[in-house]
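Asker: Line by line, the protein sequences are chains A and B.
The opening residue of the first sequence carries number 1 in the numbering used here; numbering runs sequentially from there.
The opening residue of the second sequence carries number 536 in the numbering used here; numbering runs sequentially from there.
The beta carbon of each residue, even a glycine, is placed where N, CA and C say it ideally should be.
Here the structure is a predicted model, which is why all the values come from computation and not from measurement.
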Amino acid sequence: MSSSNIGYICTRQQCEHGLADKTALRYVDADLSRVDFTFAQLDAASNQFANALKETGIQPGDRVFLFLPKQPEVFFAFLGTLKATAVAGLLFSNFGKEAVYDRLADAGARVLITKQSLFKRIREIWPDLPALEKVILTDLPAHESDCVLSYSQLVDHQSAAFEVPATTPETPSVLHYTSGSTGKPKGVLHVHDSIHHQRLTMEKVMQIEPDDIFWCTADHAWITGTTYGIIGPWSKGITQVHYGGNFDTQAWFDLLQQERVTLWYTAPTALRMLMREEDKINGRYDLSALKRVYSVGEPLNPEIVHWARRVIGREIYDTWFQTETGAIMITNRPGMAVKPGSMGKPVDGIEAGVFTEEGNPSPANESGSLRLKKGWSSMFRTYVNMEEAYRSKFHGEFYDTGDRAQIDQDGYYWFIGRNDDVINTSGHLVGPFEVESALLEMEDIVDVAVIGAPDEMLYEKIVAFVTLKDHLEWSKRLEVKARIHVTKRISPIAVPSEFIVMDKIPKNRSGKIMRRVLKARYLGEDAGDISTLED
Amino acid sequence: MSIKEELTKVFEEVFDEDQLELTPETTANDIEAWDSMSHVTMLMAVEDHFNVEFEQWEIMNLPDVGALLALIEKKTAKKN
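1. State yes or no: is the beta carbon of A:Ser93 nearer than 9 Å to at least one beta carbon in chain B?
2. If we cut at 9 Å on Cβ distances, does B:Met579 have a partner in chain A?
3. Does B:Pro598 pass the burial test, meaning 16 or more other C-beta atoms within 10 Å, or should it be called exposed?
4. Return the Cβ separation of A:Gly64 and A:Ala88 in integer angstroms, given the expectation that the two are a contact with Cβ distance under 8 Å.
5. Could you tell me the distance, in whole angstroms, from the CA atom of A:Leu118 to the CA atom of B:Thr558?
6. Within 8 Å: the Cβ of A:Trp376 and any heavy atom of the ligand GDP?
7. B:Thr561 touches chain A at which residues, Cβ-Cβ below 7 Å?
8. Can the beta-carbon of A:Asn282 be found less than 9 Å from the beta-carbon of A:Ala30?
9. Please state whether the Cβ-Cβ distance between A:Thr325 and A:Thr401 is less than 9 Å.
10. Which residue or residues does DSSP assign as beta-bridge partners of A:His242?
11. Report the residue from A:Val164, A:Val501, A:Trp252 and A:Ile230 whose alpha carbon sits nearest the alpha carbon of A:Ile445.
12. Leaving out five residues on either side along the sequence, give the residues of the same chain with a beta carbon under 6 Å from the beta carbon of A:Met457.
13. If we call anything under 9 Å between Cβ atoms a contact, is A:Ala221 one with A:Leu91?
14. Cutting at 7 Å between CB atoms, please list the residues of its own chain near A:Ala482, excluding the five before and the five after it.
15. Going by alpha carbons, who is nearest to A:Met206 out of A:Ile238, A:Ala109, A:Ser378 and A:Asp106?
16. On a CA-only basis, which of A:Glu133, A:Asp455, A:Tyr243 and A:Thr85 is nearest A:Tyr522? Give me that one, please.
17. What span of residues does the alpha helix (DSSP H) with A:Val148 cover, start to end?
18. Identify the contact partners of A:Phe247 in chain B, using a Cβ-Cβ distance below 7 Å as the criterion.
19. Starting from B:Ala602, find everything on chain A with Cβ-Cβ shorter than 8 Å and list it in chain order.
20. When the distance is taken between beta carbons, is A:Trp307 closer than 9 Å to A:Gln277?
21. Hey, is B:Thr576's beta-carbon within less than 9 Å of any beta-carbon in chain A?
22. With 9 Å set as the bound, which would you pick, yes or no: does the beta-carbon of B:Asp599 sit closer than that to a beta-carbon of chain A?
23. Which whole-angstrom value describes the C-beta separation of A:Asp106 and A:Ala86, a residue pair presumed to lie in contact below a C-beta threshold of 8 Å?
24. Using CA atoms only, rank isn't needed, just tell me which of A:Pro141, A:Ile9 and A:Val384 is closest to A:Leu175.
25. In whole angstroms, give me the CA-to-CA distance for A:Val148 and A:His157.
26. Cβ closer than 7 Å: which chain B residues qualify as neighbours of A:Arg272?
27. Could you tell me the alpha carbon to alpha carbon distance between A:Phe214 and A:Lys476, rounded to whole angstroms?
28. Apart from the five residues just before and just after A:Gln409, which ones in its own chain have a Cβ nearer than 6 Å to its Cβ?
29. From the DSSP output, in three-state form, read off A:Lys134 for me.
30. In chain order, what residues of the same chain lie with their CB nearer than 6 Å to the CB of A:Asp36, ignoring the 5 residues before and after it?
31. Check for me: the alpha helix (DSSP H) holding B:Glu582 runs from which residue to which?
32. A:Trp320 to A:Met336, Cα distance in whole Å?
33. For A:Ala389 versus A:Lys186, is the C-beta spacing smaller than 9 Å?
34. Hey, would you say B:Asp570 sits closer than 9 Å to A:Pro299, going by beta carbons?
35. Would the region 421 to 441 of chain A count as touching the region 335 to 352 of chain A if we require 3 or more Cβ pairs under 8 Å?
36. Nearest CA to the CA of A:Val338: which residue from A:Pro361, A:Asn360 and A:Arg314?
Structure, rendered in structure tokens:
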């Protein structure tokens, strides 16, 4: 039954297929120094972690969270957690303490793996997390107490062999949190069966070959980073490169050249930043090994496709999926003409459609709600503790993505926007409510409303409308204070790019913020029907 | 307090670090929370703290703390 287990498939099964000595992970540091791990080493290291979890009393189904920047232990601990049939939760390392607390509390996390510099945020919230029993620090040389453990001390003496317990296709595997229009982020739960569709997309979309070198630049806490930076490539025995440094045009292209990356999966914001520094790239790099580039997270502007053809000499294939879908659903891919700006067409086995408000298929070139017929293996199985919200996402046999799209006469899908107020900034979904809640905690701000507005670099930027305490004036100091506050509470991703001071936030008579009105005013458009506006 | 010491305080506040030791060679790769998003906040905080204004072209290429220190020194010297 272990043959259903993602951790097993990504490591031991590859060894059994004769790839034990093949490089699985090439970890490249910020200074471009590298360390390689074979599939056999990945198997052993993840087995040791699974044994360590067993020693700490972790049971199948328990939630184990990772709160780390990219480093080799992320991969060992993630796969070890799955092997132990515990559920792996992933947190961005730039999350503020409120964001971390919300997720750990909702999930009832029992174990957290982090590092000393991030542990400070945990210490402050730990007393309010009764389920959290142990914190494991990757850079602590020795155990600090029974609850604060050293990764190396815990793992080093463990056996490199681990008997993966019975795992069914429906055994829960990975837990990601995603933001909605209102309320706290929702825990999106996947199961081990997800690997089938994830593998299929590696074959049909990425069209991988055994000698490929795959680089997915996404953070592992993002669904893309989990599916295509861990599971997908290793489930097919492919060597992956991971980079531990920050975004830097020169470093990224040095890495593409040095490691002879063949398949590169990245995001439009990163590509737009590279476009801006074209002079650092043009003609300076040998990218002969690079076969294709894929993009995800936000719609890919046609300009980027044309730029890549001209400067990199490669096609960029835009892909579309969500945390809830677990893997690519609609995509451009080799063998299919790319219409720049289009999402492409559904992956084999995926039935998608665009529907009117009445639930009928929209005519060609008319926008509607993008829905997917349920049944693909990487579909989420629930929102943790929010079964009603989960059920509300389905209309009969179809999952409603919350996105609006249209299909042209050739069957290509085109992204139009969201059906809700969630903001997509650099590929990250941010709920306006989270940002508003954080800003309202500041004593200088008495009311606030947050919207997303189009942005050339970020796709959407966060704009905050604020009402200040009497006689207070907006200043750079106040803006810095607000930005730091949002960073510490949520994350730097949630920091508004713009603050606009208003006398009063427009609300309807029930007190609901009229974001539509704010957005129209911001964009200089007609706000439409404002009859429900209070006063 | 020297400019470097003052800058350290600003960095500690923006990046939520307790005991930073800045050197001219410190880069974004050396500070956990220093990424492209928090970089903007850091520059605004520096402008506010030192009461200076940066031009876009001046901050396009700031490879390390040394370059930022030099820029602050130039700006504050001009004012005085």
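Answerer: Judging by the given coordinates:
1. yes
2. Chain A contact via Cβ: present.
3. Looking at its Cβ environment, which holds fewer than 16 other Cβ atoms inside 10 Å, B:Pro598 is exposed.
4. Inspection of the sequence shows that residue 64 of chain A is occupied by Val rather than by Gly. Their Cβ separation, rounded to whole angstroms, is 6 Å, which keeps A:Val64 and A:Ala88 in contact under 8 Å.
5. 22 Å
6. The ligand GDP is not among the ligands present in this structure, which contains no ligands whatsoever.
7. Within chain A, no residue comes near B:Thr561; the closest Cβ sits about 12 Å away, beyond 7 Å.
8. no
9. yes
10. A:Tyr27
11. A:Val501
12. Arg272
13. yes
14. Leu439, Met442 and Phe499
15. A:Ile238
16. A:Asp455
17. Where A:Val148 is concerned, there is no enclosing alpha helix (DSSP H), although the beta strand (DSSP E) it sits in stretches over Val148 to Ser150.
18. Ser571
19. Those within 8 Å of B:Ala602 in chain A number zero; the least Cβ separation is about 14 Å.
20. Just to set this straight, residue 277 of chain A is Glu in the shown sequence, not Gln. Against a cut-off of 9 Å, the Cβ pair of A:Trp307 and A:Glu277 comes out as no contact.
21. yes
22. no
23. Actually they are not in contact, since the Cβ atoms of A:Asp106 and A:Ala86 sit about 17 Å apart, beyond 8 Å.
24. A:Val384
25. 18 Å
26. Those within 7 Å of A:Arg272 in chain B number zero; the least Cβ separation is about 12 Å.
27. Take the alpha-carbon of A:Phe214 and the one of A:Lys476: they are about 43 Å apart.
28. Ala364
29. DSSP places A:Lys134 in the strand class (E or B) of the three-state scheme.
30. Non-local C-beta neighbours of A:Asp36 in its own chain, meaning closer than 6 Å and more than five positions away in sequence, comprise Thr23 and Arg26, ordered along the chain.
31. Per DSSP, the unbroken alpha helix (DSSP H) holding B:Glu582 starts and ends at Ser571 to Phe585.
32. 16 Å
33. Judged by beta-carbon spacing, A:Lys186 lies within the 9 Å limit of A:Ala389, meaning their Cβ atoms are closer than that value.
34. no
35. The region 421 to 441 of chain A is not in contact with the region 335 to 352 of chain A.
36. In terms of Cα proximity to A:Val338, the closest of A:Pro361, A:Asn360 and A:Arg314 is A:Arg314.
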